[in-house]
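Input: a single structure, listed below in structure tokens.
In this note's numbering, the protein residues as written are 31 to 371.
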């Protein structure tokens, strides 16, 4: 299959046992694209129109082998990040009916199994924002406004990025929900059936790892593409709408090891300290700068994921429920919820 000038082949994320078949499939696909793609879609420096069939096959086999290894390494790294927490600096830029906003604050991020997690934003010791989920429900406490408010999303799937949520704080929840943070920070395992694509805008002189990317579904019905740096770690994640248009773009950099219990220091999982997310449709930007991340629950408390206890602690002035989120795959691509961040 061809999308633009990109060549695609599928191979299993756990494809160690099926690697030979994957290599043959990828090589055949690359050769077919070179021979049959319309001239307008052929880019000599990318599709290999100036390469011999043998060179194409060799490159395709090398890419399939390399990315098979990267998938294995990614999933091993993520398996050590089931419990994760970090202090952070958080910057949010967005616009709503009150105008343009720029919020700069301190944050605490807590992630654990079952899509549970919390993100707390504070400024000078005062709570500004609390985003969380118990894996079934999700919530946003807006404590930076008077009166303060709580929006509860009574039915939230793990694929928050694929839902068109409504209500006050819906956009903030979409971006900062635990499952979204995991997906956009590269702390999510790659599923089976990932596809390998050539990157059209990268010259053939670039390292092999930069000339290809993986297309996969971080959640059912949602498509994303991941690129890797020469260090073998995710450097970019783009979430697409159903027509292939760009919805979200996350850039990951400045990796460091997150301290973990019962694991040798050399095996501590690496995480991106700098996470830059741009929501193209809503013009919403988030910048997260992690500080001393750890792959354990040092400060994490069970009550962080119990809504009733959070209500008793934070005392919101108003509470609103959103009962029925809809999947963006059923809506127009890039459609806006029309709600406040």
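Glycine included, each C-beta is placed from N, C-alpha and C at the ideal position.
Source: prediction; values computed, not measured.
{"Check": "Straight-line CA distance for residue 168 to residue 325?", "Outcome": "23 Å"}
{"Check": "Could you tell me how far apart the beta carbons of residue 312 and residue 201 are, in whole angstroms, since I believe they sit closer than 8 Å?", "Outcome": "6 Å"}
{"Check": "Locate the alpha helix (DSSP H) running through residue 101, then write down its first and last residues.", "Outcome": "83-109"}
{"Check": "Once the 5 residues before and after residue 353 are set aside, which same chain residues still bring their CB inside 6 Å of it?", "Outcome": "184"}
{"Check": "So, at 6 Å on beta carbons, what are the nonlocal neighbours of residue 287 in its own chain, with the 5 sequence-adjacent residues on each side left out?", "Outcome": "298, 300"}
{"Check": "Taking one C-beta from the region 249-256 and one from the region 266-276 each time, how about it: are there three or more such pairs within less than 8 Å?", "Outcome": "yes"}
{"Check": "Could you give the residue range of the beta strand (DSSP E) that holds residue 151?", "Outcome": "146-153"}
{"Check": "In chain order, what residues of the same chain lie with their CB nearer than 8 Å to the CB of residue 336, ignoring the 5 residues before and after it?", "Outcome": "164"}
{"Check": "Beta-carbon within less than 7 Å of residue 100's beta-carbon, same chain only, minus the 5 sequence neighbours each way: which residues are those?", "Outcome": "258, 262"}
{"Check": "Find out if the Cβ-Cβ distance for the pair residue 154, residue 203 is shorter than 9 Å.", "Outcome": "no"}
{"Check": "Quick check: the Cα distance between residue 113 and residue 210, rounded to an integer number of angstroms?", "Outcome": "15 Å"}
{"Check": "Once DSSP output is grouped into helix, strand and coil, what is the label at residue 76?", "Outcome": "With a pLDDT of 38 at residue 76, under the threshold of 50, the predicted position of this residue should be treated as unreliable, and no value is reported."}
{"Check": "Residue 235 and residue 347 - do their beta-carbons sit closer together than 9 Å?", "Outcome": "no"}
{"Check": "On the three-state DSSP scale, how would you describe residue 210?", "Outcome": "helix"}
{"Check": "Pull up the CB-CB distance for residue 110 and residue 290, whole angstroms please, since I reckon it's below 8 Å.", "Outcome": "6 Å"}
{"Check": "Exposed or buried, which one is residue 151 when buried takes at least 16 other CB atoms within 10 Å?", "Outcome": "buried"}
{"Check": "Under 9 Å, do residue 319 and residue 118 count as touching if we go by C-beta distance?", "Outcome": "yes"}
{"Check": "Cutting at 6 Å between CB atoms, please list the residues of its own chain near residue 317, excluding the five before and the five after it.", "Outcome": "121, 306"}
{"Check": "Note down the Cα distance separating residue 323 from residue 296, rounded to an integer number of angstroms.", "Outcome": "15 Å"}
{"Check": "Going along the chain, which residues of its own chain have a beta-carbon closer than 8 Å to the beta-carbon of residue 115, five neighbours each way excluded?", "Outcome": "138, 139, 140, 141, 323, 324, 326, 327, 328, 329, 330"}
{"Check": "If you draw a straight line from the C-alpha of residue 126 to the C-alpha of residue 309, how long is it?", "Outcome": "14 Å"}
{"Check": "Which class does residue 333 belong to by DSSP, given the choice of helix, strand or coil?", "Outcome": "helix"}
{"Check": "May I ask you to list the residues that DSSP assigns as paired with residue 279?", "Outcome": "268, 308"}
{"Check": "Can you tell me where the beta strand (DSSP E) holding residue 160 begins and where it ends?", "Outcome": "156-164"}
{"Check": "On a CA-only basis, which of 182, 243, 244, 143 is nearest residue 208? Give me that one, please.", "Outcome": "143"}
{"Check": "Quick one: what does DSSP say residue 253 is sitting in, helix, strand or coil?", "Outcome": "strand"}
{"Check": "Could you check what DSSP says for residue 223 in three-state terms: helix, strand or coil?", "Outcome": "coil"}
{"Check": "Among 166, 171, 145, 216, which has the Cα closest to the Cα of residue 157?", "Outcome": "171"}
{"Check": "In the DSSP assignment, what are the bridge partners of residue 130?", "Outcome": "125"}
{"Check": "Please report the distance separating the alpha-carbon of residue 81 from that of residue 227.", "Outcome": "18 Å"}
{"Check": "Within a Cβ cutoff of 7 Å, which residues of the same chain sit near residue 216, ignoring the five residues on either side of it in sequence?", "Outcome": "264, 267, 282, 302"}
{"Check": "Could you check the C-alpha separation between residue 47 and residue 106 for me, to the nearest Å?", "Outcome": "Any reading at residue 47 is ruled out, since the residue's pLDDT is 34, under 50, leaving its predicted position unreliable."}
{"Check": "What would DSSP say about residue 366, mapped onto helix, strand or coil?", "Outcome": "Residue confidence for residue 366 is low, a pLDDT of 36 falling below 50, so the modelled location carries little weight and cannot support an answer."}
{"Check": "Would you mind sorting residue 241 into buried or exposed? The rule is 16 or more other CB atoms within 10 Å of its CB.", "Outcome": "buried"}
{"Check": "Return the Cβ separation of residue 97 and residue 244 in integer angstroms, given the expectation that the two are a contact with Cβ distance under 8 Å.", "Outcome": "6 Å"}
{"Check": "How big is the Cα-Cα spacing for residue 102 and residue 230?", "Outcome": "25 Å"}
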